[in-house]
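Beneath this line is the structure, given in structure tokens, with notes to follow.
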Amino acid sequence: MYLNKIDERLVILGLDGMSREILFYGVEKGYMPTLKKLISKGMVLRDMDCIPPLTLPSWTSIMTGVNPGKHGIFDFFKYRIVSENKWIAELVSANELEHPRIHETIGLLNGKTRMFLLNIIPGYPLIPFRNAEILQMGFFAPKILSSPLNILDEYRDYIDAANKIKFYKSVECEALKRGRELLEVYHGIIEKALRKNYDFYWFATPFPDSILHKCNIAAKKLSMLNKIYSEIDKIIKDITLSIGNLIIVSDHGFKYYRGRIYVNRILYEESFITKPPSSKESGSVDTVSKSTDTKMFHVRGTLYKIASSKLLRPLSRALLRIARKLFSKFGYNLVLEYETGIDFTRSKAFIPADKATAPPRFYIVLNDNNPETINKLKMILRKYNIVVKQPQEVFEGPYVNRAPGLIIIPGPSDDKAILSGTIYSQKISNRGIATHSRYGIFGAYFEDNVFNLDLLPNPVPNTIPAPIALLFLGYPISHLTDHIELLEKIAGNVRTVNVVGRWRMYKKLYALRTKMLKQ
13 MYLNKIDERL VILGLDGMSR EILFYGVEKG YMPTLKKLIS KGMVLRDMDC
63 IPPLTLPSWT SIMTGVNPGK HGIFDFFKYR IVSENKWIAE LVSANELEHP
113 RIHETIGLLN GKTRMFLLNI IPGYPLIPFR NAEILQMGFF APKILSSPLN
163 ILDEYRDYID AANKIKFYKS VECEALKRGR ELLEVYHGII EKALRKNYDF
213 YWFATPFPDS ILHKCNIAAK KLSMLNKIYS EIDKIIKDIT LSIGNLIIVS
263 DHGFKYYRGR IYVNRILYEE SFITKPPSSK ESGSVDTVSK STDTKMFHVR
313 GTLYKIASSK LLRPLSRALL RIARKLFSKF GYNLVLEYET GIDFTRSKAF
363 IPADKATAPP RFYIVLNDNN PETINKLKMI LRKYNIVVKQ PQEVFEGPYV
413 NRAPGLIIIP GPSDDKAILS GTIYSQKISN RGIATHSRYG IFGAYFEDNV
463 FNLDLLPNPV PNTIPAPIAL LFLGYPISHL TDHIELLEKI AGNVRTVNVV
513 GRWRMYKKLY ALRTKMLKQ
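Final position of the sequence shown in our numbering is 531; the numbers increase by one with none missing.
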């Protein structure tokens with residue numbers, strides 16, 4: 013394929029949790045004039061299908077061009093049993109990544125493309141590659157990192173500014189102000205990087221996801237995001253003033269749901285979940301690291317049941333709001349940890365319930381893999397409009413067996429969020445919540461119309477951005493790339509190459525080198 017391009021450089025801008033509905037609101041209300049102009053000039057916008065709609069596996073699919081069955085990352089965590097009824101949830105790392113990402117593919121092909129990447133997923137450990145400068149601002153890494161190390165010094169002012177910004181969930185939605193401050197720091201990093209004239213930029217930001225998780229009501233009243241919209245538009249303006257080619261992506265959408273469905277309560281009532289012999293043995297999932305500014309308080313199952321009753325619920329919420337406000341004044345984030353009431357070893361099926369506030373989870377773990385059990389579970393959940401599938405029905409590739417369990421497939425018209433909960437939760441609650449939705453966004457503008465992007469379906473798979481970027485930059489794509497037929501429709505004949513073997517070897521050599529340096 014031959015591309016006649018005026019500007020051979022490319023930017024991919026990642027907006028974590030952005031949906032078309034949220035984005036279009038900002039455009040229609042006049043908060044994003046630059047983006048509106050790009051759309052009028054022919055920017056293609058599509059929903060992007062993200063299964064599961066979780067940050068780590070979805071961003072990894074976006075960066076690799078392959079589904080989790082081929083890249084090996086399905087969830088935030090990998091689970092490890094440490095005692096009879098206790099699991100440790102360890103954040104997945106790049107060590108589990110079985111397919112190279114955009115910059116790694118270019119490096120393995122000895123490409124000359126100069127690259128700057130802000131927040132790659134997974135972000136730890138950072139695996140260095142020639143011509144790739146990486147700044148990892150946390151984003152599911154244990155600390156701020158860079159490759160090479162001197163990048164930390166180069167962006168020190170921005171790093172120090174980011175470290176000073178802490179924002180928690182609160183009724184007053186202080187997260188909006190703190191989030192805007194952090195977004196301005198990201199804008200500064202992007203501005204500085206653009207001045208250095210790299211050939212390829214990857215900028216992944218935690219917005220709007222990090223704000224909407226902490227200020228749920230903003231997902232319902234989008235006008236509250238007006239300053240966030242404006243700052244994102246300024247970033248887009250700076251990008252388009254420097255570079256003529258832009259792809260905008262997100263790893264999932266965000267939506268305000270009018271109610272909640274707690275799956276573990278349903279599974280308990282249907283005898284899939286067994287209670288432990290005593291409350292002290294109640295199953296739990298611990299994350300291996302907890303923030304030093306987080307204060308945890310244990311809530312027993314019986315107390316939770318009483319406090320969440322219809323009569324006492326308003327009072328309980330009011331007291332919790334007051335407590336959170338007091339703790340935030342002293343610089344602490346108040347988190348409650350709940351007794352789950354789940355026996356993880358004896359139960360047939362359950363969603364791993366965190367002891368505290370858990371990220372969205374879209375997997376049901378099975379201890380009983382009998383087809384009759386699976387079919388019965390599917391039928392029961394279907395009564396609540398919950399669709400679950402086996403991993404091999406959704407993914408393909410050699411690592412499908414790494415999936416934690418049955419996959420929950422959220423629907424676009426769902427009006428209730430599907431949550432884990434405990435056996436003490438209500439089955440169905442009319443209490444609203446903002447959380448992940450299935451469809452993110454894909455937007456692309458190329459100065460010279462080098463691809464027939466109008467042929468893209470709606471929604472597009474989230475494996476499309478990486479191969480489009482590689483093809484634009486003049487490289488072949490992985491022979492394992494998903495939807496090659498679709499890529500040939502929009503780009504003509506495409507070259508493929510096996511980079512997976514090289515990636516495995518490179519990872520092994522890097523791990524060996526790291527081990528030797530530590531000795």
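Yeah, the Cβ is synthetic: ideal placement off N, Cα and C, and Gly gets one too.
With a 10 Å radius around its C-beta and 16 neighbouring C-beta atoms as the bar for buried, classify residue i as buried or exposed.
i	result
residue 416	buried
residue 245	buried
residue 127	buried
residue 148	buried
residue 187	buried
residue 387	exposed
residue 310	Unreliable placement is indicated for residue 310, whose pLDDT of 44 sits below 50; the coordinate value is still reported in the next sentence. Exposed, since its Cβ has fewer than 16 Cβ neighbours within 10 Å.
residue 94	exposed
residue 281	exposed
residue 168	exposed
residue 470	exposed
residue 31	buried
residue 380	exposed
Pull up the distance between the alpha-carbon of residue i and that of residue j, whole angstroms please.
i	j	result
residue 180	residue 114	33 angstroms
residue 217	residue 402	32 angstroms
residue 21	residue 472	23 angstroms
residue 208	residue 166	12 angstroms
residue 62	residue 92	26 angstroms
residue 19	residue 254	10 angstroms
residue 173	residue 196	10 angstroms
residue 495	residue 117	18 angstroms
residue 438	residue 274	7 angstroms
residue 524	residue 530	10 angstroms
residue 99	residue 364	9 angstroms
residue 191	residue 204	20 angstroms
residue 353	residue 60	37 angstroms
residue 135	residue 522	16 angstroms
residue 456	residue 257	8 angstroms
residue 120	residue 507	16 angstroms
residue 435	residue 158	43 angstroms
residue 300	residue 154	Any reading at residue 300 must be qualified, since the residue scores a pLDDT of 46, below 50, and its modelled position is unreliable; the value itself is stated next. Approximately 11 angstroms, taken between the alpha carbons.
residue 377	residue 433	14 angstroms
What three-state label does DSSP hand residue i in the structure shown?
i	result
residue 408	coil
residue 280	helix
residue 235	helix
residue 448	strand
residue 415	coil
residue 230	helix
residue 118	helix
residue 309	Its pLDDT being 45, under 50, residue 309 is placed unreliably by the model, and the measurement read from it follows with that caveat. In the structure shown, residue 309 sits in a strand (DSSP, three-state: E or B).
residue 481	helix
residue 179	coil
residue 258	strand
residue 192	helix
residue 471	coil
residue 161	coil
residue 36	helix
residue 428	strand
residue 85	coil
residue 147	strand
residue 440	strand
Can you find the residues in the same chain that come closer than 8 angstroms, C-beta to C-beta, to residue i, ignoring five residues on each side of it along the sequence?
i	result
residue 39	47, 48 and 51
residue 411	80, 81, 82, 83, 84 and 110
residue 224	29, 230, 231, 266 and 446
residue 485	20, 22, 118, 123, 125, 211 and 212
residue 53	457
residue 45	245
Check the DSSP bridge columns for residue i and list the partner residues they point to.
i	result
residue 362	377
residue 58	454
residue 214	24 and 129
residue 269	445
residue 490	509
residue 400	420
residue 274	431
Got a sec? Which residues, its chain only, sit under 7 angstroms from residue i by beta carbon, not counting five neighbours each side?
i	result
residue 492	78, 82, 111 and 512
residue 445	228, 269, 272 and 429
residue 502	463, 464, 465, 467 and 468
Enumerate in chain order the residues of its own chain whose CB-to-CB distance from residue i is below 6 angstroms, with the five nearest sequence positions on each side excluded.
i	result
residue 90	102 and 104
residue 87	416
residue 431	272 and 274
residue 479	77, 489, 493 and 499
Say the cut is 7 angstroms; is the CB of residue i nearer than that to a heavy atom of the ligand FAD?
i	result
residue 126	With respect to the ligand FAD, the structure offers nothing, as it holds no ligand at all.
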